[in-house]
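Chemist: In the numbering used here, the protein residues as written are 71 to 179.
1) So what's residue 78 in DSSP terms, helix, strand or just coil?
2) With DSSP collapsed to three states, give me the class of residue 120.
3) Determine the closest residue to residue 79 out of 174, 175, 173, 162, with distance taken between C-alpha atoms.
4) Under three-state DSSP, which class holds residue 86?
5) Which term fits residue 133, buried or exposed, when burial requires 16 or more other beta carbons within 10 angstroms of its beta carbon?
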């Protein structure tokens, strides 16, 4: 990346990070509500406990567990990614300001 420039539209990048964080928050909300409700409802095995229901549960149970765990993790990752994007914009703007101050100071010296 040496010699390359970063063109940053801070308002747009911050808005994108905020939107991503909000989307993650909505996914977390879904995980805490809808996904959790599905998991709880599935514990009652509404498909039955006969041989067919047991066969269904044998395959469905582990998949549901994997799905609920993955959904929760992804929701958290999306939210954190949005927060990190906004922090990155702040960090880049601060670094640019510091670099500008250093250049001005070097000309005054």
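Backbone N, C-alpha and C define an ideal beta-carbon position, used for all residues, glycine too. Treat the numbers as computed from the prediction; the structure is a model and nothing was measured.
Modeler: This is what the structure holds:
1) coil
2) coil
3) 162
4) helix
5) exposed
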